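In case it helps, our numbering puts the sequence shown at residues 215 to 588.
Ideal Cβ positions, reconstructed from N, Cα and C, are used throughout, including at glycine.
What you are looking at is a predicted structure, and each value in this text was computed from that prediction instead of being measured.
Notes follow the structure.
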Amino acid sequence: MSQQIVISGVGVWHPQDSISNQELVESYNAYCDKFNAQHSSEIESGEVQAMPHSSAEFIEKASGIKQRYIYKKDGALDVDRMKPLIEPRADEVLSHQAEFAIASAKIAMEKANKKADDIDAVIVSCAYTQRSYPAIAIEVQGALGIKGFGFDMLVACSAATFGMHRAFEMLSAGSAKCVLVINPELVSPQVNYKDRDSHFIFGDVSTATVLERAETATSEHVYDVLSTKAVTQFSNNIRSNFGYLTRAEDVDPYGADKLFHQAGRKVFKEVCPMAAEHISEHLSRHDIEPANVKRWWLHQANINMNTLIAKRLLGREASREEAPIVLDEFANTASAGSVIAFGKYHEDLVSGDVGILCSFGAGYSIGSLVLKKR
Ligand code: CO8
215 MSQQIVISGV GVWHPQDSIS NQELVESYNA YCDKFNAQHS SEIESGEVQA
265 MPHSSAEFIE KASGIKQRYI YKKDGALDVD RMKPLIEPRA DEVLSHQAEF
315 AIASAKIAME KANKKADDID AVIVSCAYTQ RSYPAIAIEV QGALGIKGFG
365 FDMLVACSAA TFGMHRAFEM LSAGSAKCVL VINPELVSPQ VNYKDRDSHF
415 IFGDVSTATV LERAETATSE HVYDVLSTKA VTQFSNNIRS NFGYLTRAED
465 VDPYGADKLF HQAGRKVFKE VCPMAAEHIS EHLSRHDIEP ANVKRWWLHQ
515 ANINMNTLIA KRLLGREASR EEAPIVLDEF ANTASAGSVI AFGKYHEDLV
565 SGDVGILCSF GAGYSIGSLV LKKR
């Protein structure tokens, strides 16, 4: 019996609402002006620092981001609120994040030619889950009518690749026969829209993949997973302190340090060489030269990072066809970026073509899969 594990379907779903850089900057700058006017005397005496304006030109140049999708636009641009307005739901109603997850799961299942009965494990893997328990994966499993088991896992930027790694191992071990890995990156509630350094970075999206053994795969575009590789190294340079302990700590549970924050420049400098080395080692395991990689489905945090990493590996700039960019439309979508790139740009490859799917970021964490089209 063949033990080859494959990806047989991928789904990408995004909400309808979007925010352009211009809209985002207008709202942020209006918030700034209001803050500065309200604190004019403290600013004059030096007790409080004036908030500087943001700029749409800076955002596009520094990151490559032009817009982002957002689950609920209402509230996020309101200078008196500066966070999305999401209505609470009763326990009996499907949760926001499960709804998000299901939208992409259905697409991936359809692409993979799978019904609920064919699947026996669900992994929801993302940067945040909206509650601790019951697991979002189990709610999704129940709503889709999937038997077997499900669990959630959190690995920030590498949640999607690490989730696929777990699926690969479960399938190799025989503890599951078909695994649905979902990345419902509903991150906008954790974005600090009052922070100039990070207000532009993130967007909401959900991605999903179906992994199974080659012998059961029937879809049109099937990719052998040649191997997986993961590495983590602790860093405080990307952090969110939001968590259940804040209730007992007598601190503001929604303070700035509880939301996403980072030392972006340090991240850029430290993660790029780590990611390039990781990819190079992973490819060399299969005696594959970077020049022979047909497609680079890279993490989508910053266009300049991707350019640099591809240049280190190829010795020249990669074309958009070789290393697709989706962050101009989607922004950074935490762990989902490389899966969006894969979802949108994999059907044109031909049998025998090799590609690498790689995430990098918070943790630090780097995860990759070397894929070969069947
Ligand atoms: N508008 C205008 N000017 C600005 C702005 C702004 N919005 N922001 C900063 N500036 C100014 C700065 O003040 C600075 O001015 P000066 O030179 O006078 O000091 C100048 O612009 C340059 O600032 P930076 O050096 O900070 O700018 P960079 O060129 O480094 O660009 C980036 C900033 C875009 C953040 C860049 O550093 C970057 O992308 N770094 C990599 C970050 C990264 O990959 N992070 C990983 C993110 S984590 C993740 O992917 C998942 C986490 C979990 C999900 C969380 C969801 C909420």
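Item: Cβ shell of S241 (< 7 Å), same chain only, five flanking positions each side left out; Value: L291 and V293
Item: In chain order, each beta strand (DSSP E) run of at least 3 residues that lies wholly inside the region 475-545; Value: 509-512
Item: The region 273-283 / the region 536-546 touching (three or more Cβ pairs under 8 Å); Value: yes
Item: Burial state of K328 (16 or more Cβ within 10 Å); Value: buried
Item: Rounded Cβ spacing between V220 and V395 (contact assumed at less than 8 Å); Value: Not a contact, Cβ separation roughly 13 Å.
Item: E237 - partner residues in DSSP beta bridges; Value: Per DSSP, none; premise fails for E237.
Item: Q281 - containing beta strand (DSSP E), residue span; Value: Q281 to Y283
Item: S339 beta carbon near the ligand CO8 (any heavy atom closer than 7 Å); Value: no
Item: Beta bridge counterpart(s) of T421 as assigned by DSSP; Value: V226 and N397
Item: Runs of alpha helix (DSSP H) lying entirely within the region 277-363, each at least 4 residues, in chain order; Value: 310-325 and 350-358
Item: Proximity test, D288 beta-carbon vs the ligand CO8 heavy atom, cut-off 7 Å; Value: no
Item: Near the ligand CO8: V405 beta-carbon under 7 Å from a heavy atom; Value: yes
Item: Segment contact flag, the region 526-533 with the region 502-510, C-beta cutoff 8 Å, min 3 pairs; Value: yes
Item: Any non-hydrogen atom of the ligand CO8 closer than 7 Å to G566 Cβ; Value: no
Item: Proximal residues to D411 (C-beta, below 7 Å), its chain only, five neighbours per side dropped; Value: G478
Item: From G581, P302, Y342 and D247, residue whose alpha carbon lies closest to that of V419; Value: Y342
Item: Check: A264 C-beta below 7 Å from any heavy atom of the ligand CO8; Value: no
Item: Counted within 10 angstroms of its Cβ, other Cβ atoms place M215 as buried (16 or more) or exposed; Value: For M215, the predicted model reports a pLDDT of 47, less than 50, meaning its position is unreliable; a value from the coordinates is still stated below. Flag for M215 reads exposed.
Item: C-beta contact flag for V338 and P398 at 8 Å; Value: yes
Item: Three or more C-beta pairs below 8 Å linking the region 481-488 and the region 572-586; Value: yes
Item: Three-state secondary structure assigned by DSSP to Y242; Value: helix
Item: Pairwise C-alpha distance: A370 and V568; Value: 26 Å
Item: Span of the beta strand (DSSP E), counted from its first residue to its last, around S441; Value: Y437 to T446
Item: CA-to-CA distance, D438 to K586, given in whole angstroms; Value: 5 Å
Item: Heavy atom of the ligand CO8 within 7 Å of C246 beta-carbon; Value: no
Item: Reference F448; option with closest CA among P467, E463, M488 and E503; Value: M488
Item: Residue burial classification, S259 (beta-carbon count within 10 angstroms, cutoff 16); Value: exposed
Item: Close Cβ partners of I352 (< 7 Å) along its chain, the five nearest in sequence each way excluded; Value: G364
Item: C-beta atoms of L368 and V393 nearer than 8 Å; Value: no
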